[in-house]
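Residue numbers (the numbering used here), protein chains in the order written: chain A, 4 to 411; chain B, 4 to 411.
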């Protein structure tokens with residue numbers, strides 16, 4: 004079992020929501036990568052009794068803990084005092100810490116305010132963690148079975164002290180076996196469908212499985228113990244991916260096919276030497292925006308009125324979306340010289356009142372040289388969700404076509 | 004003393020740092036504004052015994068608690084089961100919740116997977132919180148002195164359920180003295196510049212001031228006690244806004260000018276009866292994408308090659324960006340009939356190698372009827388940041404022009 008790791012963030016600005024606690028996420032990622040089992044985040048404000056209680060609880064529960072914040076010079080910075088009370092360790096003046104704080108002000112040609120002297124008072128027998136980019140030194144100590152490190156909440160100082168002092172110290176102190184994380188990425192399938200398909204496969208109990216839906220993709224995460232045999236890990240991963248099917252667009256953690264849907268499409272387009280022009284009526288710029296930085300997108304157009312678009316391209320036929328799309332695609336191909344052209348159209352109702360939440364039908368057409376692939380799909384939700392879904396549908400149509408998958 | 008409020012976030016993705024817990028900050032802000040005293044945030048992963056222990060601890064400590072996450076259909080979604088075990092409340096099939104889940108799938112023409120049935124199992128005698136934008140219903144219940152509400156972790160669903168159900172319910176159940184929150188929103192100025200300007204004003208000690216940078220805007224937050232006189236509140240707010248200057252685009256909390264930069268521009272464009280066409284070379288679709296749902300955007304174009312664009316528009320002059328932009332704007336105005344045309348151009352180097360992190364100069368041109376406003380600004384950072392900054396520059400140029408502010 005990997006040692007357990009908790010994160011304790013202190014500060015009124017965090018519990019009142021004025022600041023988002025990005026430190027906790029950053030520290031957690033570092034700890035997981037090192038092989039710790041991160042079990043809990045806690046945040047409280049500047050109240051001494053809360054700080055003391057949380058410190059005591061964590062010392063009874065975790066193998067190690069990083070505490071951020073509350074090390075400043077002002078009266079609401081209470082961490083050292085709380086440690087002293089919780090663990091019965093008097094605060095002791097640390098001459099080296101004090102010299103470093105003075106040096107910080109000297110090097111900036113500023114007088115040291117008297118209140119900064121407080122930052123040199125450290126709990127007895129704690130290990131000082133020198134801070135080269137701010138005034139607050141950190142400190143580390145053991146209480147019961149738990150190792151604590153206390154560092155400032157300013158993100159740059161927090162990272163500096165973690166990487167400089169805590170990471171090397173704890174790599175030495177703990178026996179860590181980093182786990183292996185595999186992420187299977189899918190588009191166009193929901194979490195519950197994924198779960199149903201994966202239920203047909205037997206997953207060994209030591210493999211943790213989790214799902215994560217992000218805008219644009221659903222990830223199936225497999226966390227293997229560090230000593231899990233690589234061949235078995237690969238077999239299980241590939242058999243899960245095969246069971247999920249064509250909606251899998253990437254597998255991360257096996258050294259290939261990584262990245263999000265855009266980067267997978269980018270690799271395929273670049274490898275094939277293709278160029279693309281798009282007309283995106285439903286996603287309204289979002290598809291082009293997602294493709295920022297690729298070399299193969301020649302042009303992207305949004306038009307509020309399909310009539311104006313067809314007029315400009317000198318196309319007459321407006322009988323149905325399927326034939327209109329084809330005609331637009333061919334005209335755009337001629338104008339731009341792109342070998343691939345992607346057209347998104349939808350019914351006229353959509354433009355007249357786009358802000359209602361009714362489902363709409365999107366006709367997507369992908370012209371590759373002279374061959375047309377078309378799909379018709381219904382998308383629902385508010386207008387932003389429809390916009391996003393339409394961009395995804397287009398990207399996935401590209402991906403399926405480039406990978407030779409079935410167009411659905 | 005205001006009632007105490009805790010936030011409990013559940014999910015491996017949070018404790019392992021794959022996701023930053025922005026929900027906790029958003030909910031805290033709402034709770035503080037309602038008049039609660041937010042005392043603690045806790046996050047744990049998908050482990051049943053941890054969930055049960057945290058629920059029991061909170062029920063002994065707080066007056067109310069919002070729990071996010073763990074309500075999905077898959078096997079790692081354990082919240083309802085943890086509630087059942089912690090508070091000894093059997094899970095009961097809720098026919099109305101089930102019908103709502105079925106309706107969600109029906110409206111999307113998709114069959115409901117069997118595992119979604121689990122989401123209709125709610126703790127006995129809990130209050131169902133209908134979710135109109137996702138499958139997971141929330142629920143609320145009292146245990147000991149503590150009122151709990153359980154809602155999904157997907158931010159849009161979380162906000163919807165909080166605003167729709169929990170906020171009105173708890174305003175009724177608790178005696179609250181809400182503070183008053185004023186948010187001054189700016190674009191194009193950094194936090195430290197804001198702080199320096201505001202330092203010149205005397206802020207009474209009972210007014211809390213905070214800053215928050217979000218993509219696209221920096222917010223200055225003023226939290227006033229509930230009994231702070233309204234006229235003094237307004238005077239202080241307006242004097243701070245005046246000190247900050249023209250970068251202020253909205254003040255929220257005084258009953259007017261609310262929303263983000265897009266909605267402020269939308270109000271101004273709609274009120275003026277304007278229409279817009281854009282050519283966005285640097286933001287590459289992002290400006291159009293941000294304007295989803297507005298009625299006045301007639302067309303948006305991205306072209307990789309400015310040469311091809313000028314050829315298509317039959318413009319010869321390519322000597323400098325200023326005159327080229329004007330010529331493009333006039334041609335686009337003629338083609339689209341829009342009374343306002345916005346053109347973003349940049350130097351040719353950018354298109355040749357857009358993925359380096361060098362600063363680029365963006366020439367923005369806004370043609371209003373026959374009058375041209377132009378700005379030239381340098382933007383830096385990676386390509387996504389430049390894309391975003393270019394879209395913001397364009398929006399802010401529109402905003403300044405519509406509000407009659409100086410064009411900088």
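Note that CB positions come from ideal geometry on N, CA and C, so glycine has one too. Quick caveat: nothing in here was measured; it's all calculated off a predicted structure.
In whole angstroms, what is the alpha-carbon distance linking residue i and residue j?
i: residue 70(B); j: residue 209(A); result: 28 Å
i: residue 1(A); j: residue 12(B); result: The structure shown does not extend to residue 1(A), since chain A spans only 4 to 411, so no value can be given for it.
i: residue 253(A); j: residue 32(B); result: 38 Å
i: residue 240(B); j: residue 213(B); result: 13 Å
i: residue 139(A); j: residue 75(A); result: 6 Å
i: residue 182(B); j: residue 198(B); result: 22 Å
i: residue 442(A); j: residue 375(A); result: Residue coverage of chain A in this structure runs from 4 to 411, which leaves residue 442(A) outside it and unanswerable.
i: residue 109(A); j: residue 51(B); result: 53 Å
i: residue 362(B); j: residue 41(B); result: 43 Å
i: residue 178(A); j: residue 34(A); result: 13 Å
i: residue 369(B); j: residue 377(B); result: 6 Å
i: residue 67(A); j: residue 8(A); result: 5 Å
i: residue 283(A); j: residue 274(A); result: 24 Å
i: residue 341(A); j: residue 262(A); result: 25 Å
i: residue 101(A); j: residue 136(A); result: 15 Å
i: residue 311(A); j: residue 360(A); result: 25 Å
i: residue 367(A); j: residue 344(A); result: 10 Å
i: residue 36(B); j: residue 26(B); result: 15 Å
i: residue 54(B); j: residue 72(A); result: 26 Å
i: residue 222(B); j: residue 194(B); result: 9 Å
i: residue 185(A); j: residue 248(A); result: 17 Å
i: residue 246(B); j: residue 219(B); result: 21 Å
i: residue 251(B); j: residue 364(A); result: 40 Å
i: residue 329(A); j: residue 317(A); result: 13 Å
i: residue 60(A); j: residue 47(B); result: 15 Å
i: residue 156(B); j: residue 164(B); result: 11 Å
i: residue 294(B); j: residue 94(B); result: 44 Å
i: residue 91(B); j: residue 149(B); result: 15 Å
i: residue 347(A); j: residue 153(B); result: 39 Å
i: residue 337(B); j: residue 326(A); result: 29 Å
i: residue 43(A); j: residue 145(A); result: 19 Å
i: residue 216(A); j: residue 279(B); result: 35 Å
What is the residue span of the beta strand (DSSP E) that residue i lies within?
i: residue 280(B); result: 279 to 283
i: residue 183(B); result: 183 to 189
i: residue 216(A); result: 211 to 217
i: residue 305(A); result: 300 to 306
i: residue 12(B); result: 7 to 13
i: residue 254(A); result: 251 to 255
i: residue 43(B); result: 40 to 47
For residue i, count neighbouring C-beta atoms within 10 Å of its own C-beta (all shown protein chains included) and say buried if the count is 16 or more, exposed if not.
i: residue 24(A); result: buried
i: residue 332(B); result: buried
i: residue 314(A); result: exposed
i: residue 319(A); result: exposed
i: residue 133(B); result: exposed
i: residue 113(A); result: exposed
i: residue 49(B); result: buried
Just curious, the alpha helix (DSSP H) that residue i is in, first and last residue?
i: residue 25(A); result: 25 to 37
i: residue 171(B); result: 170 to 176
i: residue 163(A); result: 158 to 164
i: residue 338(A); result: 324 to 339
i: residue 195(B); result: 194 to 201
i: residue 293(A); result: 289 to 293
i: residue 272(B); result: 264 to 275
i: residue 319(A); result: First-last for residue 319(A): undefined, no H or E at that position.
Q) Using Cβ-Cβ distances below 8 Å, what residues of the segment 301 to 320 of chain B are close to chain A? A) 301, 302, 303, 304, 305, 306, 307, 308, 311 and 315
**Q.** Residue ranges of each alpha helix (DSSP H) within the segment 83 to 112 of chain A, 4 or longer
**A.** 98 to 109
**Q.** In chain order, each alpha helix (DSSP H) run of at least 4 residues that lies wholly inside the segment 382 to 411 of chain A
**A.** 386 to 406
**Q.** Where the segment 372 to 388 of chain A meets chain B: residues whose CB sits under 9 Å from a CB there
**A.** 381, 382, 383, 384, 385, 386, 387 and 388
Q: Give, in chain order, every residue of the segment 155 to 173 of chain A whose Cβ lies closer than 7 Å to some Cβ of chain B.
A: none
Q: Would you list, in chain order, the members of the segment 92 to 115 of chain B that have their beta-carbon closer than 7 Å to a beta-carbon of chain A?
A: 110, 111 and 112
Q.
Which residues of the segment 43 to 71 of chain B have a Cβ closer than 9 Å to any Cβ of chain A? Give them in chain order.
A. 43, 44, 45, 46, 47, 48, 49, 50, 53, 57 and 60
Q) What residues in the segment 264 to 279 of chain B bring their beta carbon closer than 7 Å to a beta carbon of chain A? A) none
Q: Pull out every residue of the segment 212 to 223 of chain A whose Cβ sits closer than 8 Å to any Cβ of chain B, in chain order.
A: 212, 213, 214, 215 and 216
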